[in-house]
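Accompanying notes for the structure given below.
Number of protein chains: 2
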Amino acid sequence: MSSDRSSAGDPDRTLALLWRVSGESRRGPRPGLSLDRVVDTAIELADADGLSALTMRRLAQTIGVAPMTLYTYVPGKAELLDLMLDAVYARMPRTDTAGRHWRERVTTVVEENRALLAAHPWVASVSTGRPPLGPGQMAKYDHELRALDGLGLSDVELDAALAHLLAFVRTHARDAADAMAAERESRMNDEQWWERNAPLLARVLDETAFPTAVRVGTAAGQAHGSAWNADHAWQFGLQVLLDGLAALMGRHER
Amino acid sequence: MSSDRSSAGDPDRTLALLWRVSGESRRGPRPGLSLDRVVDTAIELADADGLSALTMRRLAQTIGVAPMTLYTYVPGKAELLDLMLDAVYARMPRTDTAGRHWRERVTTVVEENRALLAAHPWVASVSTGRPPLGPGQMAKYDHELRALDGLGLSDVELDAALAHLLAFVRTHARDAADAMAAERESRMNDEQWWERNAPLLARVLDETAFPTAVRVGTAAGQAHGSAWNADHAWQFGLQVLLDGLAALMGRHER
DNA sequence: TCCTTTCTACGTACACCGTACACAGTACGC
DNA sequence: GCGTACTGTGTACGGTGTACGTAGAAAGGA
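So the protein sequences, as listed, match chains D and Z.
Per our numbering, the first sequence starts with residue 33, numbered consecutively.
Per our numbering, the second sequence starts with residue 33, numbered consecutively.
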């Protein structure tokens, strides 16, 4: 399950909300809510029960207000997602790694993002076709670029390297979330699910037709208890990623 | 936008459908449709207008049947997605790269998957928490493992390497699809979108606060016409991926 | 031949979703 | 005190997947 963002809709309004610049008119009834209240509650809801549990009705009910009231504070759900994203970005810790070895710098950026996605798994499944142009996104982008700056990469490479690295973290988090969702919905863990499918699969699948698949599949399945193991995939992927970047930087030294 | 798969539901039934083993009872009225007809039409629809355009009602209408009729052939939409996935997997070309250099073998696997995702962009956004245990998936997995087999990797590494590599292709395809969706929905390309946001952003953003972001962002934006360029990201990512795998294999030689 | 059984097709209905729109009521500026 | 701008909300619309019940068709058995 994934969700769209503010692509449509008025960019000016979205930008104004992201940067909290209000028209500051002191007319009319005092607002009973605030933008932050709406956004923060939405984040809590998504953290607790996933993006699919974040509906306007449920959010309104949690806050204690009628569904349509939310639209006084937020143009629509797409913009709400933009605001949620920028809010969690803004709150990320940003450790200073100036002067450290590049591998440690990269690892830090990657780990910061892994922590973000561990705390807010829904972030991995909201579209990032265009980033929310808010203060959180800006601070995050700037900080992460600084961490990778001065390593001999060109600006264009810097941008590409960061994007590639963030994509890795996002994808891993998405896969982990998918695996957990599958486990929850089927009420079976990977092992049980396999045992459930094995007998019928054996009757229908000619094992000799796919020898490599059978060999490697069982080897991987036995190594970690399931077909896909989040920690192992992380270690492996990070290793490949770092080695790949090392090659890129080595090429620059010459 | 992404969609769930058959996690819930009866595994036996799903497996039977995937392998096309029917109870073959010759009673009752002749079926007016076939499973293949339903699945193929669904694929065509998703190819043409995206996953979000694939609704049971629209699919039924396209076939020329009442919505509920589909449920005679398929337990639900989740299982339909399983069947669609396995079908496009089954039809992938599988070029034999035995004896070639490993870089060419890996590149071939990667390109085959890129072609799949180019023809069927929706594939990138259906969950793959648990793969559909059908003939297509089996053949694909076996073929791709064989392409990477015999390069000195252990079976567990082989599985991890393949997963990592497929994740890269999927992620790239997803990002590309997101970018296109953003362009379509906002009716602005990246450049127009930036120009639209720039004036207001300039008023609210202290450029001196994020010097690195501004510097690198503009450099990247000028290099390729937009914030994110699909081809450039592909080239860069593939390079890093191959170099990373090279390091892994080099480590094995010693 | 006719009846029973089994299967296909599908109309209706339900519980959701995001949100457009109209309207009631409140509090400030003049 | 009045106009005006604003908040809060009830109702309703068009969309989603699909549970349930039923009508009717075809085949097997009597």
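Cβ coordinates follow ideal geometry from the N, Cα and C atoms, glycine included.
Closest in C-alpha terms to residue 169 of chain Z, from the list D:161, D:233, D:152, D:251, comes D:233.
Residue 261 of chain D counts as buried, since no fewer than 16 other beta carbons sit within 10 angstroms of its beta carbon. Against residue 173 of chain D, the close residues of chain Z are 242, 245, 249, in the order they occur along the chain (beta-carbon pairs closer than 8 Å). With at least 16 other beta carbons inside 10 angstroms of its own, residue 204 of chain Z counts as buried. When beta bridges are read from the DSSP output, residue 158 of chain Z appears opposite Z:35.
For the stretch 92-120 of chain D, the beta-carbon criterion of a distance under 7 Å to any beta-carbon of chain Z is satisfied by none of its residues. If you check each beta-carbon in the stretch 137-164 of chain D against every beta-carbon of chain Z, the ones closer than 9 Å belong to 157, 159, 160, 161, 162, 163. Not a single CB atom of chain D sits nearer than 7 Å to the CB of residue 71 of chain Z.
Between residue 113 of chain Z and residue 53 of chain Z, the C-beta gap is not smaller than 7 Å, which leaves the two residues out of contact. Under the Cβ criterion of 7 Å, residue 208 of chain Z is not counted among the residues facing chain D.
Where residue 139 of chain Z is concerned, the enclosing alpha helix (DSSP H) starts and stops at 134-151. Within the same chain, and ignoring the five residues on either side of residue 258 of chain D in sequence, the residues whose Cβ sits closer than 6 Å to its Cβ are 222. C-alpha of residue 128 of chain D to C-alpha of residue 179 of chain D: approximately 8 Å in a straight line. Here residue 116 of chain D is buried, its C-beta having at least 16 other C-beta atoms within 10 Å. When the alpha-carbon of residue 277 of chain Z is set against those of Z:43, Z:185, Z:104, the nearest one is in Z:185. Within the same chain, and ignoring the five residues on either side of residue 80 of chain D in sequence, no residue has its Cβ closer than 8 Å to its Cβ. Nearest CB-CB separation between residue 211 of chain D and chain Z: below the 7 Å threshold. Setting aside the 5 residues that flank it on each side, residue 139 of chain Z is surrounded in the same chain by 270, 274, each with a C-beta closer than 8 Å to its C-beta; the list follows chain order. For the 7 Å CB-CB criterion, residue 89 of chain D and residue 99 of chain D form a contact.
Contact between the stretch 188-204 of chain Z and the stretch 136-150 of chain Z is established, with three or more Cβ pairs separated by less than 8 Å. Scanning its chain for C-beta atoms nearer than 7 Å, with the 5 sequence neighbours on each side dropped, one finds around residue 105 of chain Z the residues 65, 67, 70, in chain order. Cα atoms of residue 226 of chain Z and residue 43 of chain D: separation of roughly 10 Å, rounded to the nearest angstrom. Annotation: residue 241 of chain Z to residue 231 of chain Z spans about 17 Å, alpha carbon to alpha carbon.
Cβ-Cβ separation between residue 177 of chain Z and residue 229 of chain D: approximately 20 Å, too far for a contact (criterion under 8 Å).
Out of Z:74, Z:118, Z:96, the CA that lies nearest to the CA of residue 49 of chain Z is found in Z:118.
Burial is judged here by how many other beta carbons sit within 10 angstroms of a residue's own beta carbon; residue 282 of chain Z has fewer than 16 and is exposed.
Contact with chain Z is absent for residue 201 of chain D, since none of that chain's Cβ atoms lies less than 7 Å from the residue's Cβ. Spatial neighbours of residue 215 of chain Z in its own chain (CB-CB distance under 6 Å, excluding positions within 5 residues in sequence) are listed in chain order as 221. Between residue 125 of chain D and chain Z, the shortest Cβ-Cβ separation is not below 7 Å. Cβ contact annotation for residue 77 of chain Z (same chain, cutoff 8 Å, sequence separation greater than five): 85, 86, 90, 91, 94, in chain order. Within a 10 Å sphere around the beta-carbon of residue 196 of chain D sit 16 or more other beta-carbons, which makes this residue buried. By the 16-neighbour rule on beta-carbons within 10 angstroms, residue 284 of chain Z is exposed. When Cβ-Cβ separations below 7 Å define contact, residue 221 of chain Z makes no contact with chain D. Boundaries of the alpha helix (DSSP H) around residue 246 of chain D: 243-255. For residue 269 of chain D, the chain Z residues whose Cβ falls inside 7 Å of its Cβ are 196, in order along the chain.
Put simply, the backbone Cα of residue 224 of chain D is about 60 Å away from that of residue 60 of chain D.
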